[in-house]
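Enquirer: Quick note, the sequence shown lines up with residues 1 to 197 if you use full-length UniProt numbering. This is the structure, below, for whatever I ask next.
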Amino acid sequence: MEVLPVDLPNLRTSSSHSQQGIASRISQAHHLSVSMQRGSEQLLTEYVLRQGIPFGNADFNPHVPDFPGLPSPALSQEAWKDLSDAERLQQDVMAFSNLPAFLSAVKRQQEMLNSLASELHRQLETAGMQCRGMASNLKSIMTAMGLMPEPAVPVEPPNPVENFSKKLVGYYVCQLYREWANRSEEDLALLATKYPL
């Protein structure tokens, strides 16, 4: 029986290139997450500015409810550490795959409620595009790591009738976008330590 020789240096080089490819994708996604953090803060500020009382009040801080299709970004430090890389990435993928539908719904509502707030409309549109870009980047990272992203769950954003309820839902969505931008930055920063450039 013939034994085929194995070129170990070439295998190591191939593995090194694979690791570098993953590291590069993670770095790119992390840079985007930092940009999204800034953008999400600006979006929430602009949104609150356009909604009137009580949204701008210092003591206005309603609890953000759960929305079907959007996993909660809030985890204790211990629970967050207990997640595997695959679980963190999958939660990020689900959130950023589904957030654009919620942001688009808020944009449509705000175009009716605040038709002249063009800057708010622009920021909502930009946020949706960045979410789609982030979801694509995260799926690319998972694939490069040999992980299979789960298919996105179809979502149906709430569409309340009353104007105040519409404003409140929009506030919740902007809050969730900011929280997921912060969460993804933490997830990717941790992952980057395992795949250094």
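Built from N, CA and C at the ideal position, the CB exists for glycine as well.
Compare the C-alpha of Ser-33 against each of Ser-165, Arg-132 and Ala-86 and name the closest.
Expert: Arg-132
Enquirer: Near Tyr-172, which residues of its chain fall below 7 Å by C-beta distance, leaving aside the five closest residues on each side in sequence?
Expert: Val-64 and Pro-65
Enquirer: Rounded to the nearest angstrom, what separates Glu-162 and Ala-79 at their Cα positions?
Expert: 37 Å
Enquirer: For Gln-130, which residues of its own chain have a beta-carbon under 8 Å away from its beta-carbon, when the five flanking residues on both sides are left out?
Expert: Leu-32, Ser-35, Met-36 and Gly-39
Enquirer: Using a beta-carbon distance below 8 Å, is Gly-52 in contact with chain B?
Expert: The question asks about chain B, but that chain is absent: this structure has only one protein chain.
Enquirer: Taking the alpha-carbon positions, what's the Arg-12 to Gly-69 distance?
Expert: Reliability of the predicted coordinates at Arg-12 is poor, the pLDDT of 45 falling under 50, and no value is obtained from them.
Enquirer: If we ignore side chains and look at the alpha-carbon of each, how far apart do Gly-21 and Met-112 end up?
Expert: Answer to the nearest angstrom: the Cα atoms are 45 Å apart.
Enquirer: Output yes or no for whether 8 Å exceeds the beta carbon distance between Ala-95 and Pro-73.
Expert: Against a cut-off of 8 Å, the Cβ pair of Pro-73 and Ala-95 comes out as a contact.
Enquirer: With DSSP as the reference, identify every bridge partner of Leu-120, one or two as the case may be.
Expert: According to DSSP, residue pairing for Leu-120 in a beta bridge does not occur.
Enquirer: Keeping to the same chain, check which residues put their C-beta closer than 7 Å to that of Tyr-195; ignore five residues upstream and five downstream.
Expert: Gln-19, Ile-22, Ala-23 and Ile-26
Enquirer: Going by Cα to Cα distance, which pick from Leu-103, Val-153 and Leu-190 is closest to Val-93?
Expert: Val-153
Enquirer: Could you pull out every residue in the same chain whose Cβ sits closer than 7 Å to the Cβ of Pro-160, ignoring the five residues on either side in sequence?
Expert: Only Lys-166 and Val-169 meet the Cβ criterion.
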